[in-house]
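Residue numbers (this note's numbering), protein chains in the order written: chain A, 20 to 383; chain B, 20 to 383. Each residue gets a CB set at the ideal place from its N, CA and C atoms; glycine is no exception. Notes to accompany the following structure.
2 protein chains.
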Amino acid sequence: MSKRGDDVKETGTQGTEAAPLGPAEMLRLAAVARRFYLDGRSKVEIAEEFGLSRFKIARDLDAARERGIVHIDIRLPARLDGELSERLRSAYGLRRAVVVDTPVDTDGSADVAETRRVLGSAAARLLGEIVRPGEVLGLAWSRALQVMGSDLVDLPECTVVQLNGVLSDHADDGGSVETVRRAAALSGGPAYPIYAPLILPDAATAATLRSDPGIAGAFAHYDRLTTAVVAIGGWDERNSTVYQALDPEARERYSALGVCAEMSAQLFDPEGNQIHSDLAERIISVRAEQLRRVPEVVAVAGAGDAAKARAVGAALRSGLVSTLVTDGEVARVLLAEQEHGAEGGSGGEGSEGADAGDTGPEEI
Amino acid sequence: MSKRGDDVKETGTQGTEAAPLGPAEMLRLAAVARRFYLDGRSKVEIAEEFGLSRFKIARDLDAARERGIVHIDIRLPARLDGELSERLRSAYGLRRAVVVDTPVDTDGSADVAETRRVLGSAAARLLGEIVRPGEVLGLAWSRALQVMGSDLVDLPECTVVQLNGVLSDHADDGGSVETVRRAAALSGGPAYPIYAPLILPDAATAATLRSDPGIAGAFAHYDRLTTAVVAIGGWDERNSTVYQALDPEARERYSALGVCAEMSAQLFDPEGNQIHSDLAERIISVRAEQLRRVPEVVAVAGAGDAAKARAVGAALRSGLVSTLVTDGEVARVLLAEQEHGAEGGSGGEGSEGADAGDTGPEEI
DNA sequence: CGTCGTGGTGCTCAGATGAGCGACCTGGAT
DNA sequence: ATCCAGGTCGCTCATCTGAGCACCACGACG
Chain A
20 MSKRGDDVKE TGTQGTEAAP LGPAEMLRLA AVARRFYLDG RSKVEIAEEF
70 GLSRFKIARD LDAARERGIV HIDIRLPARL DGELSERLRS AYGLRRAVVV
120 DTPVDTDGSA DVAETRRVLG SAAARLLGEI VRPGEVLGLA WSRALQVMGS
170 DLVDLPECTV VQLNGVLSDH ADDGGSVETV RRAAALSGGP AYPIYAPLIL
220 PDAATAATLR SDPGIAGAFA HYDRLTTAVV AIGGWDERNS TVYQALDPEA
270 RERYSALGVC AEMSAQLFDP EGNQIHSDLA ERIISVRAEQ LRRVPEVVAV
320 AGAGDAAKAR AVGAALRSGL VSTLVTDGEV ARVLLAEQEH GAEGGSGGEG
370 SEGADAGDTG PEEI
Chain B
20 MSKRGDDVKE TGTQGTEAAP LGPAEMLRLA AVARRFYLDG RSKVEIAEEF
70 GLSRFKIARD LDAARERGIV HIDIRLPARL DGELSERLRS AYGLRRAVVV
120 DTPVDTDGSA DVAETRRVLG SAAARLLGEI VRPGEVLGLA WSRALQVMGS
170 DLVDLPECTV VQLNGVLSDH ADDGGSVETV RRAAALSGGP AYPIYAPLIL
220 PDAATAATLR SDPGIAGAFA HYDRLTTAVV AIGGWDERNS TVYQALDPEA
270 RERYSALGVC AEMSAQLFDP EGNQIHSDLA ERIISVRAEQ LRRVPEVVAV
320 AGAGDAAKAR AVGAALRSGL VSTLVTDGEV ARVLLAEQEH GAEGGSGGEG
370 SEGADAGDTG PEEI
């Protein structure tokens with residue numbers, strides 16, 4: 020086939036729309052294509068077999084592809100969307116992006132609960148894949164991450180640290196602690212759970228708790244994390260468990276500061292700038308600066324509306340996230356968003372070249 | 020991809036059944052495969068883009084194919100079966116073989132009438148494809164060839180000659196004459212139809228008719244034919260219009276001679292040897308020796324049972340046919356038949372090299 | 001009758017690719 | 001500690017392959 024692949028597109032347009040082929044030629048093209056693509060023979064071999072020049076064979080193969088006789092598709096098992104993943108990855112300069120198809124309900128609308136399950140499952144497999152033995156793995160909490168915890172199957176020996184306190188509203192259904200313990204048990208490494216609420220009434224209480232030996236034990240690992248898994252929340256009732264946990268006065272106060280997204284109770288504006296506030300003093304959680312030093316930050320976020328997608332975008336622009344696990348709907352909104360404000364973003368051209376290598380865009 | 024393609028089969032077996040891949044690796048393989056197969060980039064380019072060695076990319080592509088992430092299939096439009104065509108072609112040493120899918124009726128059985136239509140349509144397109152300007156084209160008759168005649172759309176300027184007289188039973192629905200005239204009109208060349216029955220009561224009548232100027236005019240072209248299109252009949256009520264046209268005594272007499280197949284009222288035994296009989300004297304038709312001198316003899320035969328398939332096999336073994344147009348059911352029977360008596364055939368290895376032309380593995 | 005354009009062919013040469021090989025790593029078993 | 005088995009990786013060299021070009025056959029046209 021001719022390089023550059025532009026010819027493939029030419030089919031779509033109409034450059035030299037060739038005349039329809041007769042059955043003999045069709046069959047010959049198909050036979051040549053079968054030998055090449057299915058039997059793996061070289062064009063030289065095929066040329067000898069058919070008594071033609073290798074150039075003719077090459078042209079035949081091009082023709083067979085242009086005419087759709089040869090059909091190649093890239094199909095990913097499970098519910099992965101390769102194309103969206105790749106576009107999202109390069110658009111936001113991520114090291115990795117994992118986009119799962121958004122499951123739809125029987126009525127055609129997105130199935131939020133199922134999407135969380137799929138996200139969690141994908142994240143679980145991803146963790147088993149990217150975590151190396153001896154790593155220090157930090158886990159935050161969200162409903163999708165809870166699924167991740169229960170879906171974990173393979174995890175090399177590593178230290179598992181809880182990244183934040185427990186949300187009171189969800190303490191009953193396992194919560195962070197259970198996820199951390201399960202991961203550690205699976206991996207065979209030590210667990211550092213945090214037996215404390217995420218949000219406390221005041222700074223003093225939080226400070227007291229931070230000096231608790233168990234909690235301090237977890238905090239001590241925050242500077243040695245090699246992989247962190249976090250969730251991204253929006254800043255409204257629907258899209259954030261942290262927002263839900265605050266009283267109306269606090270919600271409004273932070274909203275007034277321009278909060279758009281939240282990661283482990285760290286607040287960000289739409290441009291991805293961290294918003295510092297008194298909230299930081301009343302929480303038991305890893306801090307953004309610490310996350311920034313973690314080589315691999317996996318954000319798992321999806322199963323939400325457009326506001327959720329905007330929150331994810333803001334979180335990505337913070338530069339903290341190196342890998343994103345999300346669903347197709349959010350991915351599409353993110354790509355459309357990037358499309359518009361392409362120039363106004365944080366780093367250079369944004370779309371490509373910036374990341375190159377196999378790592379994140381900035382640093383190094 | 021590794022050459023030889025055997026690895027593709029290895030997937031089917033279980034050589035080194037690799038562990039299931041995580042989503043990140045899956046997505047990476049898919050991205051690489053997309054770049055290579057869909058965007059047409061070279062492995063070197065992809066290697067640079069991903070910061071890997073070209074060897075790694077090559078291995079990734081192999082892995083992607085083994086794991087089914089890359090899916091390649093050869094799909095022929097219409098109703099052509101490329102694989103059966105190719106196998107049949109090489110098994111019987113034909114220059115070309117065109118196998119159409121056998122259409123099935125609503126009840127699941129083969130739809131004979133529809134099969135004839137599909138055969139005729141394929142043959143029509145084939146003729147438009149392989150006939151060159153100035154050729155002398157000979158046309159026999161059968162129900163499938165009648166469809167061919169009505170489906171002809173493109174035919175270069177050529178002389179069209181009728182190869183045999185008209186079967187009385189089918190004279191009403193157009194018959195040979197109409198097919199020949201239509202082909203000639205389409206091509207813009209002269210037509211040489213035969214206004215006479217195929218089978219006559221006695222040799223004397225036949226001889227008289229052969230001296231008729233019109234008929235002699237057609238016969239005069241039999242030694243200059245460049246392409247002949249013939250049908251293959253079996254030797255029973257269902258599979259031969261010639262058999263149907265004979266009286267019971269004649270039918271039985273020729274059956275006793277071991278007749279298995281019939282082409283233009285030329286009779287053949289199961290091994291493809293011509294059976295000479297008095298029938299030759301009572302017919303108005305091209306003779307086998309004349310057909311043997313035609314560079315391209317296209318046989319259109321299908322839409323029948325196993326007996327029909329055996330007849331087609333016998334006709335092919337006669338060595339007269341260079342191109343066969345048939346349907347999937349007949350093709351499968353023919354291949355199974357060839358499987359068994361592969362060694363016992365007529366000439367040499369039988370399966371290939373016989374005609375070669377621009378095919379065949381040996382020689383050189 | 002020559003000329004031009006067009007479509008199809010095969011050539012050259014540089015760049016892409018595969019097969020085979022050895023280096024290296026890793027995880028046991030001795 | 002040492003060795004081995006299994007796996008991955010990247011190298012070399014020979015082969016395969018593509019892009020571009022020159023050539024030829026054919027038909028339209030002046």
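Judged by DSSP secondary structure, A:Val261 falls within the alpha helix (DSSP H) whose first and last residues are 260-264. The beta carbon of A:Asp297 sits closer than 8 Å to the beta carbons of Ala222 from its chain, once the five residues preceding and following it are set aside; these are given in chain order. Distance between B:Leu57 and A:Asp120, taken at the CA atoms: about 21 Å.
Residues of the same chain with a CB within less than 6 Å of the CB of A:Leu244, apart from the 5 flanking positions on each side, are Val155, Gly157, Val313 in chain order. In the displayed model, A:Val180 falls within a strand according to three-state DSSP.
Within chain B, the residues Pro42, Ala43, Leu46 have their CB atoms less than 8 Å from the CB of A:Val117, given in chain order. Your pair A:Glu281 and A:Ser259 checks out as a contact, with CB atoms roughly 5 Å apart and the cut at 8 Å. In this structure, the alpha-carbon of B:Gly332 lies about 48 Å from that of B:Val51. Looking at the backbone, the Cα of A:Thr246 and that of A:Ala307 are separated by about 14 Å. The shortest CA-to-CA distance from A:Val319 to any of A:Gly194, A:Arg86, A:Leu71, A:Ser161 is the one to A:Ser161. Taking 7 Å as the threshold, the shortest C-beta distance from B:Asp266 to chain A does not fall below it.
For the pair B:Ser304 and B:Ala355, the Cα-to-Cα distance works out to about 32 Å. A check of alpha carbon separations from B:Asp92 across A:Ile93, A:Arg94, A:Val89 identifies A:Val89 as the nearest.
Residue pairing of A:Ala210 in beta bridges, as defined by DSSP: A:Val179.
In the three-state DSSP reduction, B:His90 falls in the strand class (E or B).
Where B:Ala50 is concerned, the enclosing alpha helix (DSSP H) starts and stops at 42-52. Within its own chain, the residues whose Cβ lies closer than 7 Å to the Cβ of A:Gln309, once the five positions on either side in sequence are excluded, are Tyr241, Asp242, listed in chain order.
For the C-beta of B:Leu95, the chain A residues within less than 8 Å are, from N- to C-terminus, Met45, Leu46, Ala49, Ile88. By a beta-carbon distance limit of 8 Å, A:Val117 contacts A:Ser104. Their separation comes to about 6 Å.
Counting only runs that start and end inside the region 284-357 of chain B, the beta strand (DSSP E) elements of at least 3 residues fall at 285-287, 315-319, 342-346.
With contacts defined by Cβ atoms closer than 7 Å, A:Gly208 and A:Thr178 form a contacting pair. Collapsing the DSSP output to three states places A:Ala280 in a strand. At a cut-off of 7 Å between C-beta atoms, B:Asp92 counts as an interface residue with respect to chain A. Segment contact: the region 70-82 of chain A against the region 130-143 of chain B, fewer than three CB-CB distances shorter than 8 Å; contact not assigned. A direct Cα-to-Cα measurement between B:Ser230 and B:Arg200 gives close to 21 Å. When the five nearest sequence neighbours on each side are left out, the beta carbons in the same chain lying within less than 6 Å of the beta carbon of B:Leu186 are those of Leu217, Thr260, Ala264, in order along the chain.
Residues of chain A with a Cβ closer than 7 Å to the Cβ of B:Arg144 are, in chain order, Gly41, Pro42. A distance below 8 Å between beta-carbons, with the five flanking residues on each side excluded, links B:Glu315 to the following residues of its chain, in chain order: Arg114, Ile149, Thr245, Thr246, Ala247, Ser341, Thr342.
It is roughly 26 Å from the alpha-carbon of A:Leu205 to the alpha-carbon of A:Gly321. Inclusion of A:Gly253 and A:Lys327 in the CB contact set at 7 Å is warranted, their separation being smaller than that value. The beta carbon of A:Ile302 lies closer than 8 Å to those of Asn183, Gly184, Leu217, Ile218, Leu219, Ala225, Ala284 in the same chain, with the five residues before and after it left out. With 16 or more neighbouring CB atoms inside 10 Å of its own CB, A:Asp346 falls in the buried class.
DSSP, reduced to helix, strand and coil, places A:Thr121 outside both helices and strands of the structure shown, so it counts as coil. Between B:Leu99 and chain A, the shortest Cβ-Cβ separation is below 7 Å. Taking 7 Å as the CB threshold, A:Ile76 stays off the interface with chain B. Ranked by Cα distance from B:Glu348, the first of B:Leu276, B:Phe74, B:Leu107, B:Phe69 is B:Leu107.
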